[in-house]
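Read top to bottom, the protein sequences are chains A and B.
Residue numbers 1 to 125, in this note's numbering, belong to the letters of the first sequence in order.
Residue numbers 1 to 887, in this note's numbering, belong to the letters of the second sequence in order.
One structure is given below, encoded as structure tokens.
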Amino acid sequence: MTLDQIIVTIAGLILSGGLAWYFWFSESKATRIQTTSSGVQETLITVKGGYSPDIIVVKAGKPVRLNFLREETAACSEQVLLPDFHKQATLTPFKTIPVEFTPEKPGEYGFQCAMGMFRGKLIVE
Amino acid sequence: MIRDPVCGMEVESPSEYYSQYEGQKYEFCSSACKAKFEADPGQYISVVSKPGKTTYRVSSDGIERLQIPVIDMHCTSCTLTIEKELKKLPGVKKAHVNYATEQAYVEYLPLEVKTEEILQAIKSAGYQTGQATLKLGIRKMHCACCVTKIEEELRKTPGVLSASVDLATESATINYLPSMAQIPEIKRVIERLNYPAFETGSPVAAVSKAIAEPEDENQKAREKEYRTLLSKFIFSAILSIPFILFSYPALFGLPAQLQKGSDLLRFIWLTMGVISLPIMFWSGSHFYSGALSAIKNRSANMHTLIATGITAAWLYSSVAALVPDIFPSEALADVFFDVVAVVVALVNLGMALEIRAKGKSSEAIKKLIGLQPKTARVIRNGKEMDVPVEEVVLDDIILVRPGEKIPVDGTVTEGSSSVDESMITGEPIPVEKNKDDEVIGATINKTGSFRFKATKVGKDTALAQIIKMVQEAQSSKAPIQRIVDLVSGYFVPTVIIIAMISFVVWYDFGPSPNLIYALVVMVTTLIIACPCALGLATPISLMVGVGKGAENGILIRSGEALETAQKLNAIVLDKTGTITAGNPSLTDMISSNGFKDEEILLYAASVEKASEHPLGEAIIKGAADRSLTLIDPNNFNAVPGHGVQATVQGKQIVLGNEKMMKKFNINLGDLNQRSQQLADDGKTPMYIAVDGKAAGIVAVADTVKPDSKEAIAHLKKMGLEVVMITGDNPRTAKAIARQVNIDRVFAEVLPEDKAFNIKKLQQEGKKVAMVGDGINDAPALAQADIGLAIGTGTDVAIEASDITLIKGSLKGVALAIQLSKATMKNIRQNLFGAFFYNGLGIPIAAGILYPFFGVLLSPLIAGAAMAFSSVTVVTNANRLRRFKAKM
Numbered sequence: 001m002t003l004d005q006i007i008v009t010i011a012g013l014i015l016s017g018g019l020a021w022y023f024w025f026s027e028s029k030a031t032r033i034q035t036t037s038s039g040v041q042e043t044l045i046t047v048k049g050g051y052s053p054d055i056i057v058v059k060a061g062k063p064v065r066l067n068f069l070r071e072e073t074a075a076c077s078e079q080v081l082l083p084d085f086h087k088q089a090t091l092t093p094f095k096t097i098p099v100e101f102t103p104e105k106p107g108e109y110g111f112q113c114a115m116g117m118f119r120g121k122l123i124v125e
Numbered sequence: 001m002i003r004d005p006v007c008g009m010e011v012e013s014p015s016e017y018y019s020q021y022e023g024q025k026y027e028f029c030s031s032a033c034k035a036k037f038e039a040d041p042g043q044y045i046s047v048v049s050k051p052g053k054t055t056y057r058v059s060s061d062g063i064e065r066l067q068i069p070v071i072d073m074h075c076t077s078c079t080l081t082i083e084k085e086l087k088k089l090p091g092v093k094k095a096h097v098n099y100a101t102e103q104a105y106v107e108y109l110p111l112e113v114k115t116e117e118i119l120q121a122i123k124s125a126g127y128q129t130g131q132a133t134l135k136l137g138i139r140k141m142h143c144a145c146c147v148t149k150i151e152e153e154l155r156k157t158p159g160v161l162s163a164s165v166d167l168a169t170e171s172a173t174i175n176y177l178p179s180m181a182q183i184p185e186i187k188r189v190i191e192r193l194n195y196p197a198f199e200t201g202s203p204v205a206a207v208s209k210a211i212a213e214p215e216d217e218n219q220k221a222r223e224k225e226y227r228t229l230l231s232k233f234i235f236s237a238i239l240s241i242p243f244i245l246f247s248y249p250a251l252f253g254l255p256a257q258l259q260k261g262s263d264l265l266r267f268i269w270l271t272m273g274v275i276s277l278p279i280m281f282w283s284g285s286h287f288y289s290g291a292l293s294a295i296k297n298r299s300a301n302m303h304t305l306i307a308t309g310i311t312a313a314w315l316y317s318s319v320a321a322l323v324p325d326i327f328p329s330e331a332l333a334d335v336f337f338d339v340v341a342v343v344v345a346l347v348n349l350g351m352a353l354e355i356r357a358k359g360k361s362s363e364a365i366k367k368l369i370g371l372q373p374k375t376a377r378v379i380r381n382g383k384e385m386d387v388p389v390e391e392v393v394l395d396d397i398i399l400v401r402p403g404e405k406i407p408v409d410g411t412v413t414e415g416s417s418s419v420d421e422s423m424i425t426g427e428p429i430p431v432e433k434n435k436d437d438e439v440i441g442a443t444i445n446k447t448g449s450f451r452f453k454a455t456k457v458g459k460d461t462a463l464a465q466i467i468k469m470v471q472e473a474q475s476s477k478a479p480i481q482r483i484v485d486l487v488s489g490y491f492v493p494t495v496i497i498i499a500m501i502s503f504v505v506w507y508d509f510g511p512s513p514n515l516i517y518a519l520v521v522m523v524t525t526l527i528i529a530c531p532c533a534l535g536l537a538t539p540i541s542l543m544v545g546v547g548k549g550a551e552n553g554i555l556i557r558s559g560e561a562l563e564t565a566q567k568l569n570a571i572v573l574d575k576t577g578t579i580t581a582g583n584p585s586l587t588d589m590i591s592s593n594g595f596k597d598e599e600i601l602l603y604a605a606s607v608e609k610a611s612e613h614p615l616g617e618a619i620i621k622g623a624a625d626r627s628l629t630l631i632d633p634n635n636f637n638a639v640p641g642h643g644v645q646a647t648v649q650g651k652q653i654v655l656g657n658e659k660m661m662k663k664f665n666i667n668l669g670d671l672n673q674r675s676q677q678l679a680d681d682g683k684t685p686m687y688i689a690v691d692g693k694a695a696g697i698v699a700v701a702d703t704v705k706p707d708s709k710e711a712i713a714h715l716k717k718m719g720l721e722v723v724m725i726t727g728d729n730p731r732t733a734k735a736i737a738r739q740v741n742i743d744r745v746f747a748e749v750l751p752e753d754k755a756f757n758i759k760k761l762q763q764e765g766k767k768v769a770m771v772g773d774g775i776n777d778a779p780a781l782a783q784a785d786i787g788l789a790i791g792t793g794t795d796v797a798i799e800a801s802d803i804t805l806i807k808g809s810l811k812g813v814a815l816a817i818q819l820s821k822a823t824m825k826n827i828r829q830n831l832f833g834a835f836f837y838n839g840l841g842i843p844i845a846a847g848i849l850y851p852f853f854g855v856l857l858s859p860l861i862a863g864a865a866m867a868f869s870s871v872t873v874v875t876n877a878n879r880l881r882r883f884k885a886k887m
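This is the structure we're talking about:
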């Protein structure tokens with residue numbers, strides 16, 4: 001093996017490992033939602049190439065309102081699905097679209113776009 | 001111009017007559033008005049702040065009725081919680097919460113309790129109240145103080161829950177209870193403050209808030225996105241042609257001065273490098289923005305792959321064009337600008353086509369939403385008035401003329417007509433409607449005009465429930481999707497890692513020029529992978545399949561129901577109301593022991609007066625047809641599964657089956673034989689005994705629905721074991737079963753034992769479907785793997801059912817199963833296609849075939865394959881739209 005091959009090999013492996021760590025093993029921060037005066041747990045989720053925040057912590061048994069604001073026109077993110085709650089919404093670009101439900105049981109529930117490329121997690125405590 | 005609060009005249013502002021009261025300035029037309037105002041300002045201000053109070057809901061005793069949609073009740077016990085909370089309030093006379101319709105009905109004294117308090121009570125019970133949202137455009141707002149003023153005024157209006165006014169967009173968003181406030185009133189409130197208000201669009205009821213309101217806007221956004229993608233495609237496609245030409249000068253036999261190594265070609269390459277920039281950052285801008293925001297979210301998607309691929313190709317090519325000398329060999333100084341242009345062009349085209357195809361996939365739900373009527377001609381206080389359909393309240397009398405759409409669900413009170421219900425039930429033949437018949441909102445009145453009473457409005461109407469159910473089903477997950485979910489989280493990063501490792505392997509072990517091979521392989525791998533095809537495979541077919549069902553009057557609850565429905569092996573049909581029409585009539589009377597026919601009928605009918613059994617109704621109707629006057633029974637007692645007993649005119653009457661007679665030790669004599677004959681004809685005989693002596697038999701029979709036999713034959717042909725279940729006696733049951741060719745019968749099953757019988761079948765290792773009316777059969781429907789409820793009129797959201805058939809025919813059952821099979825087949829095709837494509841495409845792109853066959857994929861072909869793989873998935877799903885039942 002020549003020097004350049006060794007460099008390319010090592011660089012490739014390090015990069016691959018780094019990617020794997022970044023996408024799979026690093027934890028992104030969870031956002032805890034506050035309850036508003038009307039008793040609803042409400043938050044704004046920006047939709048642009050993904051959901052941010054994408055990990056949301058709520059309390060069980062209290063109504064949740066997720067306001068989705070889609071800041072892009074790419075068709076991928078047009079729909080948001082919460083299959084566990086049988087909820088879906090078509091997100092009009094640059095408009096806040098609320099999705100409301102009440103999680104009864106604690107646990108982790110996913111929300112995602114129609115294709116499952118964008119994902120978020122709702123942690124119910 | 002502003003309005004004088006005393007006389008209501010318009011006055012030029014500023015007026016010389018004005019007065020300050022509670023920090024607000026009031027202006028008047030004259031000193032007289034000013035004086036009047038100052039004498040008692042409260043009187044006039046209250047007029048201003050209480051505009052057009054809704055009064056038509058107030059009855060003579062001062063009790064006001066309020067109907068409030070309640071959101072997010074999850075169980076029947078929720079209703080109790082809310083009712084308890086409501087009843088705690090002083091002034092609330094009656095509170096009833098309906099779980100099925102998600103409505104709270106409150107009767108209250110408006111003087112003792114306010115609407116807000118009622119709403120607050122529901123909220124403090126932990127639930128939300130439904131509401132309608134109104135958007136009004138408001139002109140002539142100049143400052144932020146106008147905003148607060150209008151908002152305050154709106155909030156004071158009864159029925160208005162919240163109001164927010166936006167100065168920038170000159171509009172107000174008002175949440176209100178349609179039963180309490182009406183749009184013209186709300187508008188008047190704003191106009192009274194001297195701001196012209198106008199409706200910007202139709203008001204939207206709470207049900208369809210998320211989807212119906214922005215539907216048009218979504219359509220527009222989609223259309224715009226489509227056009228943008230198309231122009232991006234055209235731009236990059238046109239540039240692709242010269243790019244390809246100059247990238248392979250030897251291949252196209254270009255003149256010598258344009259061959260590799262020439263200064264002219266190098267200049268052209270440099271130009272191409274510059275022209276690539278608008279291709280990448282305009283035509284391909286969405287790849288970069290998508291990739292960037294995905295990376296921020298620690299995720300990766302299709303955009304990441306494309307962006308990485310084209311960036312790598314461009315960077316390499318630019319270096320090769322700018323400083324070819326840094327490469328050790330001339331062969332390495334090659335460019336791939338054509339890859340950049342072609343990939344961007346093709347992927348854009350693919351995405352544009354996908355938008356088009358997806359639009360078709362969701363057509364079914366759009367059609368349903370489009371069915372929603374806009375206005376209703378309501379008769380209030382003896383006057384006809386057109387109101388938006390959202391403002392129709394319960395018990396409104398509505399007039400419908402020929403050719404008009406019926407606005408909400410209700411019962412005919414006057415007149416008759418034939419109504420086309422095909423849009424809801426899928427049944428093409430118009431249905432005759434007379435007094436007391438149920439009409440469904442969104443259906444079309446054909447011939448006569450009639451009046452009807454609204455029984456279901458807003459989100460309770462059959463159509464609203466259908467839309468909700470279809471949307472819920474379309475957003476649910478089929479269990480088969482789990483495989484995809486497992487893969488999709490790892491897919492894109494894995495592809496990037498595979499691409500990188502391929503680069504390393506080709507660089508280390510590949511043939512010369514290894515750097516070029518490594519680069520091409522990496523770019524091809526990145527580009528060929530198509531996560532979208534994988535992600536789309538299940539949901540898109542589910543959407544088309546569920547939508548197709550709705551078009552045919554079949555409401556599939558969820559993806560899970562769809563997936564189970566195609567695995568069924570046995571189907572249990574309830575006899576009454578499912579196989580038969582469900583409205584039995586009196587057919588025979590046999591009297592003995594000296595009793596007369598009329599006599600036994602009178603006794604039987606009188607006893608049945610106290611019962612609610614459908615067979616009893618047939619007897620009562622039979623007596624009424626013979627103009628018999630019934631007698632009120634005493635000491636009524638029903639023995640489930642046996643019969644009834646009561647005292648009529650001092651005589652002890654027992655009515656029921658053989659078991660009932662045995663229980664009372666009644667000697668039946670030769671009646672037994674007569675009864676068996678009746679049963680063999682498919683009639684249901686009931687013995688009657690008077691004072692312990694057998695008096696005769698009354699028999700009722702139900703007619704088999706005209707297409708039941710045919711439908712059952714289809715179910716059998718589909719390989720399903722068909723079983724009949726009934727509470728009726730075995731002979732009658734067998735007779736009916738013979739008529740429709742059913743071999744296996746569970747007869748004399750008590751209502752509560754139906755579920756147990758389903759379980760027995762399941763223990764035989766079968767996947768069992770139960771078909772019933774959804775009311776008496778609820779436990780059996782729930783026990784079955786698939787519960788199919790045959791809809792009764794406008795009640796479509798039957799809780800226990802997995803599939804609801806709006807139209808009463810058994811053919812719907814066969815259709816539902818066929819549709820499930822077709823949809824699941826489509827999903828499997830899509831999944832197979834997507835997995836096969838990626839599973840094969842990625843390794844080939846990485847060059848796995850090269851060592852054996854010398855085959856290497858061109859990145860251009862990879863781009864084309866990727867672009868069309870997801871279009872293929874959507875197109876395949878759209879094939880389901882042409883689904884036709886095999887009947």
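In this text, a Cβ means the ideal position worked out from N, Cα and C, and glycines have one as well.
With 16 or more other Cβ atoms inside 10 Å of its own Cβ, B/M469 counts as buried. In the structure shown, B/C530 adopts coil according to DSSP, grouped into three states. Burial state of B/D436 is exposed, judged by a 10 Å Cβ sphere holding fewer than 16 other Cβ atoms. Sequence-distant partners of B/T875 (beyond 5 residues in either direction) whose C-beta falls short of 7 Å from its own C-beta, in its chain, are A357.
Residues of the same chain with a CB within less than 6 Å of the CB of B/Q652, apart from the 5 flanking positions on each side, are D691 in chain order. When the five nearest sequence neighbours on each side are left out, the beta carbons in the same chain lying within less than 6 Å of the beta carbon of B/Q474 are those of M543, V546, in order along the chain. B/E472 sits in a helix when the DSSP states are folded into three classes. In terms of Cβ geometry, B/F746 and B/V768 do not form a close pair [threshold 9 Å].
The beta carbon of B/V796 sits closer than 8 Å to those of A462, Q465, I466, M469, L555, T804, I806, all from its chain and outside the five residues before and after it, given in chain order. Listed along chain A are C76, M115, M117, each with a C-beta nearer than 9 Å to that of B/C532. Proximity to B/E427 across B/Q645, B/Y17, B/G812 peaks at B/G812, based on C-alpha coordinates. Under the Cβ criterion of 9 Å, A/L69 is not counted among the residues facing chain B.
Contact annotation: in the segment 20-39 of chain A, residues whose CB is within less than 8 Å of a CB in chain B are A20, Y22, F23, W24, S26, S28, S38, G39. In this structure, B/F664 is the residue among B/F664, B/I406, B/A294, B/D166 with its C-alpha nearest to the C-alpha of B/A646.
Neighbours of B/R298 in chain A, taken as residues at a C-beta separation under 7 Å, are given in chain order as Y22, F23, S26, S28. Using a CB distance below 7 Å, no part of the segment 833-850 of chain B faces chain A. For a Cβ distance threshold of 7 Å, residue set Q5, V8 of chain A lies close to B/Y507, ordered along the chain. The alpha-carbon separation between B/L394 and B/G553 amounts to approximately 26 Å. Taking a Cβ-Cβ threshold of 7 Å, the residues of chain A close to B/L292 are G49, in chain order. If you compare the alpha carbons of B/F883, B/R155, B/L849 with that of B/E551, the shortest gap goes to B/F883.
Under the three-state reduction of DSSP, B/A778 is assigned to helix.
Interface residue (Cβ-Cβ distance to chain B less than 9 Å): A/Q88 is classified as such.
Taking 9 Å as the cut-off between beta carbons, the residues of the segment 462-488 of chain B near chain A are Q471, E472, A473, Q474, S475, S476, K477, Q481, V484, D485, S488, in sequence order. Between the alpha carbons of B/I620 and B/A605 lies a distance of about 5 Å. About 14 Å separates the beta carbon of B/V700 from that of B/T726, a gap too long to meet the 8 Å contact definition. Around the CB of B/K232, 16 or more other CB atoms lie within 10 Å, so the residue is classed as buried. Contact check for B/D773 against B/G787 fails: the beta carbons are separated by 9 Å or more. Look at B/C29 here: in three-state DSSP terms it is coil, with no helix or strand label. Scanning chain B for C-beta atoms nearer than 7 Å to the C-beta of A/P93 yields A221, reported in chain order.
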